[in-house]
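Chains as they are written, first to last, in my numbering: chain A, 12 to 268; chain B, 477 to 806.
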């Protein structure tokens with residue numbers, strides 16, 4: 012078990028943002044968080060990354076998350092935020108190299124890893140560009156690559172499986188790179204890591220995720236395997252849209268009216 | 477190529493030699509010719525007891541304000557931030573004004589105590605800003621910035637009151653102190669400011685990757701293992717120390733802490749591994765040059781150095797604002 016949540020509650024300005032959220036995240040799985048806007052998906056993922064304080068208990072690899080130092084936490088989980096906020100002229104290569112910050116790597120190892128990730132993610136043309144000058148999609152790809160590099164080091168350094176938290180990673184990606192993201196998520200799960208991903212695309216979720224958490228107004232409405240949870244009735248209940256689920260030779264997708 | 481040179485031993489040697497060259501040039505700049513300076517007793521006195529501590533103090537303070545500027549801009553993630561944001565300059569000015577005005581009412585030799593009062597004022601103002609703005613860290617620096625503005629406004633109001641109560645000579649003294657001058661430079665202040673700069677120069681380079689991570693965002697930095705809150709507090713303490721000592725030694729010198737990091741970023745980018753050493757040499761050299769201009773342009777009188785840095789820095793600041801606006805498509 013990578014992470015377990017027990018009765019998480021968070022209120023802000025008198026409004027309940029998360030209500031009694033409990034559940035477990037296992038290594039080797041891809042878990043999708045789905046829900047309408049304001050459901051609490053980003054808040055939940057930020058709480059899991061210890062960026063927000065909330066009532067309840069979060070355990071990471073068997074220990075209370077509050078007991079980890081910042082460095083120890085970064086050696087066990089990697090977090091991709093929704094938006095990039097860089098206002099200063101850093102090169103893409105310099106941004107990627109920050110993924111090695113929590114780990115005790117030599118300068119040579121850092122350079123080799125950065126070179127490898129640039130090659131694997133096909134971002135050679137962007138490596139020496141100012142990160143701010145990239146398109147939204149390019150920035151997102153680089154940030155995904157950065158967090159993936161951080162995740163890769165978790166296994167390398169024998170720290171057990173890591174937790175990869177992705178907040179709407181595909182919102183700016185084109186089709187090709189959305190597929191690349193899916194491939195990378197599956198690879199991370201095969202390597203034993205736990206991937207928690209916030210998605211809006213139901214078709215992406217049903218194809219990619221092993222488990223789905225459906226959230227609405229801060230509450231966990233349903234939780235389980237993607238095929239079991241993503242029923243027409245529950246989709247209607249949570250999203251207030253009519254969707255027809257088509258199951259065809261093991262493949263599943265939604266059509267919206 | 478330039479980046480690799482900057483952090484190599486050769487790069488450091490070039491930086492030291494260039495800075496040394498500028499300092500030596502400034503040393504011999506003035507109405508007295510080099511022969512008189514080197515071969516007469518009065519020339520020796522001027523060179524070793526007046527100009528040398530002044531030029532070296534200019535370099536140390538320029539480097540200090542420049543590094544303080546880098547630290548504050550990186551921690552608040554705003555390229556238009558300045559060390560005075562944390563209230564240290566306003567607090568120091570208030571302390572100095574209080575001492576100058578008090579000297580008219582109480583029989584004390586104010587010029588001995590002005591720097592002490594300025595230092596205490598600067599530190600107290602920073603503590604007030606930290607107390608007011610602390611709850612917001614590290615979620616965002618917005619409250620800290622607002623606290624800094626509030627303290628600046630309070631200090632400005634009190635200075636206004638003191639100028640109203642001051643005699644003509646005290647008023648003139650406050651005005652000239654606020655404009656900044658290295659004319660009172662001596663080895664005591666040089667030693668004090670150098671020690672503070674040395675402490676920061678030992679600590680700061682070790683934080684260069686953490687400061688890079690903070691530039692990405694506080695959430696990203698936290699999840700990359702940076703204890704953001706601790707780093708921000710440490711940075712603000714060092715900014716306050718450097719700025720308070722600089723203001724105590726020579727009054728308020730503006731724009732160095734704001735503009736020098738920008739020039740550095742334009743040349744070398746924002747990676748602190750390269751920006752910190754470049755800002756160190758650039759800030760020090762710029763202030764030495766500015767001081768050279770200040771004491772020679774209307775010789776034998778001197779222009780307050782704050783006026784020179786403002787006249788040079790303000791157009792650069794306006795240009796930076798316009799450039800940032802274009803980039804953000806305001």
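Note that CB positions come from ideal geometry on N, CA and C, so glycine has one too. Being a predicted model, the structure only gives us computed values, none of them experimental.
Contact list for residue i against chain B, beta-carbon separation under 8 Å
| i | result |
| --- | --- |
| residue 150 (chain A) | The premise fails here: residue 150 (chain A) is roughly 11 Å from chain B at the closest Cβ pair, so nothing lies under 8 Å. |
| residue 113 (chain A) | 700 and 701 |
| residue 207 (chain A) | Residues of chain B passing the Cβ test: none, with the nearest at roughly 13 Å. |
| residue 146 (chain A) | In chain order: nothing, as chain B lies at least about 15 Å away. |
| residue 225 (chain A) | Within 8 Å Cβ-Cβ: nothing; residue 225 (chain A) doesn't reach chain B, min ~25 Å. |
| residue 44 (chain A) | Under the 8 Å cutoff, chain B gives no residues; its nearest Cβ is about 17 Å from residue 44 (chain A). |
Check whether residue i and residue j have beta carbons under 9 Å apart
| i | j | result |
| --- | --- | --- |
| residue 598 (chain B) | residue 567 (chain B) | yes |
| residue 680 (chain B) | residue 561 (chain B) | no |
| residue 755 (chain B) | residue 684 (chain B) | no |
| residue 558 (chain B) | residue 733 (chain B) | yes |
| residue 119 (chain A) | residue 59 (chain A) | no |
| residue 591 (chain B) | residue 665 (chain B) | yes |
| residue 779 (chain B) | residue 770 (chain B) | yes |
| residue 255 (chain A) | residue 240 (chain A) | no |
| residue 646 (chain B) | residue 577 (chain B) | yes |
| residue 515 (chain B) | residue 690 (chain B) | no |
| residue 548 (chain B) | residue 654 (chain B) | no |
| residue 73 (chain A) | residue 32 (chain A) | no |
| residue 279 (chain A) | residue 43 (chain A) | Any property of residue 279 (chain A) remains undetermined from this structure, which presents chain A solely from 12 to 268. |
| residue 134 (chain A) | residue 152 (chain A) | yes |
| residue 491 (chain B) | residue 503 (chain B) | no |
| residue 781 (chain B) | residue 767 (chain B) | yes |
| residue 195 (chain A) | residue 155 (chain A) | yes |
| residue 573 (chain B) | residue 634 (chain B) | yes |
| residue 707 (chain B) | residue 686 (chain B) | yes |
| residue 40 (chain A) | residue 221 (chain A) | yes |
| residue 731 (chain B) | residue 789 (chain B) | yes |
| residue 545 (chain B) | residue 737 (chain B) | yes |
| residue 46 (chain A) | residue 213 (chain A) | no |
| residue 641 (chain B) | residue 725 (chain B) | no |
| residue 274 (chain A) | residue 69 (chain A) | There is no way to answer for residue 274 (chain A), as the model of chain A reaches only from 12 to 268. |
| residue 796 (chain B) | residue 556 (chain B) | yes |
In DSSP terms, what residue i is bridged to
| i | result |
| --- | --- |
| residue 19 (chain A) | A:32 |
| residue 75 (chain A) | A:70 |
| residue 141 (chain A) | A:102 |
| residue 41 (chain A) | A:206 |
| residue 257 (chain A) | A:264 |
| residue 14 (chain A) | A:36 and A:71 |
Chain-ordered neighbours of residue i on chain B, where CB pairs are closer than 9 Å
| i | result |
| --- | --- |
| residue 89 (chain A) | 699 and 700 |
| residue 174 (chain A) | Neighbours of residue 174 (chain A) on chain B: none; closest Cβ ~11 Å, over 9 Å. |
Expected contact under 8 Å - CB spacing of residue i and residue j to nearest Å
| i | j | result |
| --- | --- | --- |
| residue 223 (chain A) | residue 237 (chain A) | 5 Å |
| residue 605 (chain B) | residue 624 (chain B) | 5 Å |
| residue 179 (chain A) | residue 93 (chain A) | 5 Å |
| residue 764 (chain B) | residue 535 (chain B) | 5 Å |
| residue 207 (chain A) | residue 245 (chain A) | Incorrect: roughly 20 Å between the Cβ atoms, too far for contact. |
| residue 229 (chain A) | residue 30 (chain A) | 5 Å |
| residue 656 (chain B) | residue 729 (chain B) | 4 Å |
| residue 700 (chain B) | residue 85 (chain A) | 5 Å |
| residue 110 (chain A) | residue 161 (chain A) | 4 Å |
| residue 845 (chain B) | residue 602 (chain B) | A query on residue 845 (chain B) cannot be resolved here, the shown segment of chain B reaching from 477 to 806 and no further. |
| residue 575 (chain B) | residue 593 (chain B) | 4 Å |
| residue 692 (chain B) | residue 125 (chain A) | Going by Cβ atoms, the distance from residue 692 (chain B) to residue 125 (chain A) rounds to 15 Å, so no, they are not a contact pair. |
Contact list for residue i against chain B, beta-carbon separation under 7 Å
| i | result |
| --- | --- |
| residue 85 (chain A) | 699, 700 and 701 |
| residue 105 (chain A) | 688 and 747 |
| residue 162 (chain A) | Simply none; closest approach about 11 Å. |
| residue 271 (chain A) | Here chain A covers residues 12 to 268 and nothing more, so residue 271 (chain A) does not appear. |
| residue 213 (chain A) | Under the 7 Å cutoff, chain B gives no residues; its nearest Cβ is about 27 Å from residue 213 (chain A). |
Contact list for residue i against chain D, beta-carbon separation under 7 Å
| i | result |
| --- | --- |
| residue 186 (chain A) | The chain inventory of the structure shown lacks chain D, comprising the protein chains A and B. |
Compile a chain-ordered list of the residues in the segment 678-695 of chain B whose CB is closer than 9 Å to at least one CB of chain A. Across the segment 678-695 of chain B, CB contacts with chain A closer than 9 Å involve 685, 686, 688, 689, 691, 692, 693, 694 and 695, in sequence order along the chain.
To be precise: take each residue of the segment 735-748 of chain B, compare its Cβ to all Cβ atoms of chain A, and keep it if any distance is under 7 Å. Which residues remain? 741, 745, 746 and 747
Under 9 Å (Cβ pairs) to chain A, residues found in the segment 532-559 of chain B: 549, 550, 553, 554 and 555
Residues of the segment 91-103 of chain A whose Cβ lies closer than 7 Å to any Cβ of chain B, in chain order: 92, 96, 97, 98, 99, 100, 101 and 102
Between the segment 53-64 of chain A and chain B, which residues of the former have CB atoms less than 8 Å from a CB of the latter, in chain order? 57, 60, 61 and 62
Anything in the segment 112-144 of chain A with a Cβ closer than 7 Å to a Cβ of chain B? List those residues in chain order, please. 112 and 113
Between the segment 65-84 of chain A and chain B, which residues of the former have a C-beta closer than 9 Å to a C-beta of the latter? 80, 81, 82, 83 and 84
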